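Data first, discussion second: the structure below is written as structure tokens.
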Amino acid sequence: MERSATDATDGAATEAGRTGGRSPEAAVAPIAGRDVPNAPGHRRLLGHLPLMRDGMLPMLRELGEAGPVVKLQLGPGTKYVISDGELAHEILADKTNAFGRERMARGFRPVTGDGLFTLDGTAHRERRKIVTPAFTRTPLAATTPLICQVTSDFAKRLPPRTVLELDHEMLKLSVDIAVRCLFRSEAPADTVSWLATKAFTLSRGILLRMTAPLWLPPMRTPSGWRATRTLREVAETLSARHVPAGCGNDVLSLLDEAACPAQGEPNITRTAVIDELITFLAANSDATAMTLAWAWHELAQNRDLEQAVQSEADALFNGGRPLPDKVVEHLPLTSRVVKEVMRLYPIPVVARNTVREVTVGGFRLPPRAEVLLNLYGIHRDPNVYPHPDTFDPHRWTGDEALTTRGNAYLPFSAGAHRCVGAPFAAISAPVALAALAARFELRPAHPDRPVKAVAGVVTRPKRLLMTATPRAGFNAQQRVSDSAMV
Ligand code: HEM
4 MERSATDATD GAATEAGRTG GRSPEAAVAP IAGRDVPNAP GHRRLLGHLP LMRDGMLPML
64 RELGEAGPVV KLQLGPGTKY VISDGELAHE ILADKTNAFG RERMARGFRP VTGDGLFTLD
124 GTAHRERRKI VTPAFTRTPL AATTPLICQV TSDFAKRLPP RTVLELDHEM LKLSVDIAVR
184 CLFRSEAPAD TVSWLATKAF TLSRGILLRM TAPLWLPPMR TPSGWRATRT LREVAETLSA
244 RHVPAGCGND VLSLLDEAAC PAQGEPNITR TAVIDELITF LAANSDATAM TLAWAWHELA
304 QNRDLEQAVQ SEADALFNGG RPLPDKVVEH LPLTSRVVKE VMRLYPIPVV ARNTVREVTV
364 GGFRLPPRAE VLLNLYGIHR DPNVYPHPDT FDPHRWTGDE ALTTRGNAYL PFSAGAHRCV
424 GAPFAAISAP VALAALAARF ELRPAHPDRP VKAVAGVVTR PKRLLMTATP RAGFNAQQRV
484 SDSAMV
């Protein structure tokens with residue numbers, strides 16, 4: 004999409020200048036820009052509710068084709084849906100001063116308290132500075148063998164030839180990865196299972212609060228309230244059982260150090276440590292788990308691809324060899340599978356609200372407008388991705404593929420709130436997938452039943468029932484854990 008010179012400038016500077024530093028409400032003249040068109044399919048009285056006939060994801064797909072910016076009327080209030088990668092980037096990264104995250108905060112705060120998901124501005128920047136060192140090269144490299152170890156332990160517990168709810172199993176795995184690799188702590192199997200089960204209850208509550216009209220006070224169901232209280236107790240226990248990584252740069256060590264520094268004043272409170280621990284648990288678990296679950300679903304549909312992934316996995320994990328240094332570099336195809344899964348099944352929308360009037364791509368958005376960045380629609384743009392609904396990891400082969408998608412690939416969002424855990428996800432998802440692919444073949448329990456994708460905070464399969472069959476010839480004596488406790 005073409006961007007005018009005015010659009011390309013930082014909206015913050017331009018529009019603050021226009022209002023002469025007064026509050027947005029005090030600005031008299033409306034800023035120049037086109038009116039945002041209504042999305043097609045609007046009905047009197049019903050608004051755009053008929054677009055939801057097949058669910059939220061087909062609607063987002065349809066809106067993706069309706070135009071770069073459209074207005075959507077679902078119940079009270081108007082939503083502005085952005086389905087163009089360049090414009091999404093403009094909102095997330097270039098015009099950040101014009102956009103807030105009120106909806107995200109409403110959704111997450113009752114569960115996470117004041118963590119990275121709910122903080123904004125200076126408080127957010129300072130908190131991010133504390134945890135970022137955990138996601139740099141050295142601590143991540145030290146974590147990789149531990150991810151293999153956790154996956155190997157998980158694989159040993161997986162009942163073979165039984166019908167599994169794979170989405171739930173992957174949640175258990177990713178919770179355990181978070182507990183042991185990010186927090187360097189331990190949790191008994193029943194706690195991990197409880198966290199995996201409650202992830203769904205909590206994420207449903209988060210979504211309800213995020214999508215409810217802003218004039219309603221944030222809702223909490225009794226089950227959500229009970230789950231949140233227990234979650235805090237679990238987080239306290241995880242924190243108490245923390246054994247710092249050798250390099251001291253694990254998430255919990257960094258937070259503890261900020262709350263209780265050897266010298267000087269604390270930067271954060273003890274409550275903030277627990278808030279952030281819960282934030283990381285929530286942020287990691289659902290997104291990574293559903294990425295893995297969808298990867299299994301897609302591999303089961305494509306045997307050639309599955310075999311190629313198995314060969315890559317065998318070369319690393321089968322036969323008792325010690326792991327090489329940069330494990331993920333030995334998994335190029337598996338990494339592309341993960342990349343393609345995150346394109347087809349992303350976090351469907353990222354929510355923002357305008358804090359004042361602003362133009363995006365030449366369209367005028369009013370103050371306090373609800374803005375939905377339609378990642379699901381952007382990732383299925385046929386102009387960028389030929390056969391956009393087809394799962395094809397090979398589309399990511401070659402340098403050109405990496406550069407020409409530009410901002411039409413935003414699985415981790417962009418700007419100041421871009422996923423801080425992205426470097427961890429880029430390692431943990433392919434490594435866990437490969438470590439399991441070396442051991443098991445997964446098959447749909449009911450091949451004739453299509454698997455439906457549903458929108459939550461993440462795109463999740465509606466009951467992914469699969470059976471895991473151990474692969475013949477896997478050498479269980481492998482030494483994946485040799486350097487696991489770095
Ligand atoms: C497939 C895996 C993942 C996906 C698709 C994903 C996606 C995202 C997205 C889209 C956001 C930005 C939301 C926004 O702009 O408002 C985000 C934020 C965040 N993610 Fe992830 N994430 C993944 C894995 C992880 C992991 C493994 C961690 C922890 C290690 C993590 C921690 C976070 C945190 C703390 C934030 C808030 C960042 C901030 O606001 O500063 N995520 N993630």
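Residue numbering for the sequence shown follows our numbering, beginning at 4 and increasing consecutively.
C-beta atoms are modelled at their ideal positions from N, C-alpha and C, and glycine is treated no differently.
Note that the coordinates shown come from a computational prediction; the quantities given were computed from them, not determined experimentally.
{"Asked": "Between the Cα of E332 and the Cα atoms of D289, S155, A429, which residue gives the shortest distance?", "Found": "A429"}
{"Asked": "With a threshold of 6 Å (Cβ to nearest heavy atom), would I271 be considered close to the ligand HEM?", "Found": "no"}
{"Asked": "Quick check: A440 and Y83, are their CB atoms within less than 7 Å of each other?", "Found": "no"}
{"Asked": "Hey, which unbroken runs of the alpha helix (DSSP H) at 4 residues or more fall wholly within the segment 207-290?", "Found": "225-243, 254-262"}
{"Asked": "Tell me, which residues are paired with A471 by DSSP?", "Found": "L445"}
{"Asked": "Determine the DSSP secondary structure at F203, reduced to helix, strand or coil.", "Found": "helix"}
{"Asked": "Taking T147 as the reference, which of V114, I133, A181 has the closest Cα?", "Found": "A181"}
{"Asked": "Please work out which residues of its chain come closer than 6 Å, Cβ to Cβ, to G24, disregarding the five sequence neighbours upstream and downstream, and give them in chain order.", "Found": "Reliability fails at G24, whose pLDDT of 35 lies under 50, so the model's placement of it is uncertain and the value that follows must be treated cautiously. Excluding residues within five positions, none has a Cβ falling inside 6 Å."}
{"Asked": "Look at the Cβ atom of L60, then the Cβ atom of A411, and state whether they are nearer than 7 Å.", "Found": "no"}
{"Asked": "Would you call the segment 294-305 in contact with the segment 133-145, where contact means no fewer than 3 C-beta pairs closer than 8 Å?", "Found": "no"}
{"Asked": "Please determine, among C184, H92, G227, the residue with the shortest C-alpha to C-alpha distance to G424.", "Found": "C184"}
{"Asked": "Among Q76, P79, G88, R56, which residue has its Cα nearest to the Cα of G67?", "Found": "G88"}
{"Asked": "Return the CA-CA distance between D402 and R408, expressed in angstroms with no decimal places.", "Found": "11 Å"}
{"Asked": "Between which two residues does the beta strand (DSSP E) carrying Y388 extend?", "Found": "Taken as a continuous stretch (DSSP letters only), Y388 belongs to no beta strand (DSSP E), as it is neither H nor E."}
{"Asked": "Is there at least one non-hydrogen atom of the ligand HEM closer than 6 Å to the beta-carbon of S416?", "Found": "yes"}
{"Asked": "Return the chain-ordered list of same chain residues with a C-beta closer than 6 Å to the C-beta of G80, the five sequence neighbours on each side being excluded.", "Found": "P216"}
{"Asked": "Rounding to the nearest angstrom, what Cα-Cα distance links A487 and D57 in this structure?", "Found": "Reliability of the predicted coordinates at A487 is poor, the pLDDT of 39 falling under 50, and no value is obtained from them."}
{"Asked": "When the Cα of F111 is compared with those of A101, L122, A144, which residue comes out closest?", "Found": "L122"}
{"Asked": "Could you tell me if the beta carbon of L119 falls within a distance shorter than 6 Å of some heavy atom in the ligand GTP?", "Found": "For the structure depicted, the ligand GTP is absent and the ligand set comprises only the ligand HEM."}
{"Asked": "Please confirm whether any heavy atom of the ligand HEM lies closer than 6 Å to the CB of T154.", "Found": "no"}
{"Asked": "Assess, as a yes-or-no matter, whether the segment 308-326 is touched by the segment 233-244 under the definition of 3 or more beta carbon pairs within less than 8 Å.", "Found": "no"}
{"Asked": "Taking just the CA atoms, how far does P43 sit from E260?", "Found": "53 Å"}
{"Asked": "Check each candidate in T231, R235, R452, L143 and name the one with the smallest Cα separation from T274.", "Found": "R235"}
{"Asked": "For A30 and F366, I'd like the C-alpha separation in whole angstroms.", "Found": "Unreliable positioning characterises A30 in this predicted model, as indicated by a pLDDT of 44, which lies under 50. The coordinate reading is nonetheless provided below. Whole-angstrom Cα-Cα distance: 18 Å."}
{"Asked": "Beta strand (DSSP E) containing E504: first to last residue?", "Found": "Residue 504 lies beyond the residue range present for the chain, which begins at 4 and ends at 489; the question has no answer from this structure."}
{"Asked": "Considering only the beta carbon of each residue, do V134 and V254 sit closer than 7 Å?", "Found": "yes"}
{"Asked": "When every heavy atom of the ligand HEM is checked, does at least one fall within less than 6 Å of the C-beta of F283?", "Found": "yes"}
{"Asked": "Going by the C-beta, is H420 closer than 6 Å to any heavy atom of the ligand HEM?", "Found": "yes"}
{"Asked": "Does any heavy atom of the ligand HEM sit closer than 6 Å to the C-beta of A290?", "Found": "yes"}
{"Asked": "The ligand HEM heavy atoms versus the CB of I209: any closer than 6 Å?", "Found": "no"}
{"Asked": "Taking the C-alpha atoms as reference points, what is the distance between L176 and R37?", "Found": "48 Å"}
{"Asked": "Does the Cβ of R355 have 16 or more other Cβ atoms within 10 Å, making it buried, or fewer, making it exposed?", "Found": "buried"}
{"Asked": "Suppose the cutoff is 6 Å on Cβ atoms and the five residues either side in sequence are ignored; what does the same chain contact list for L210 look like?", "Found": "G459, V460"}
{"Asked": "Roughly how many angstroms separate the alpha carbons of L467 and G118, rounded to a whole number?", "Found": "31 Å"}
{"Asked": "What's the gap between the Cα of G78 and the Cα of M213?", "Found": "14 Å"}
{"Asked": "Below 8 Å CB to CB, which residues in the same chain sit around V340 once its five sequence neighbours on both sides are set aside?", "Found": "A298, E301, L302, L308, V312, P396, P433, L436"}
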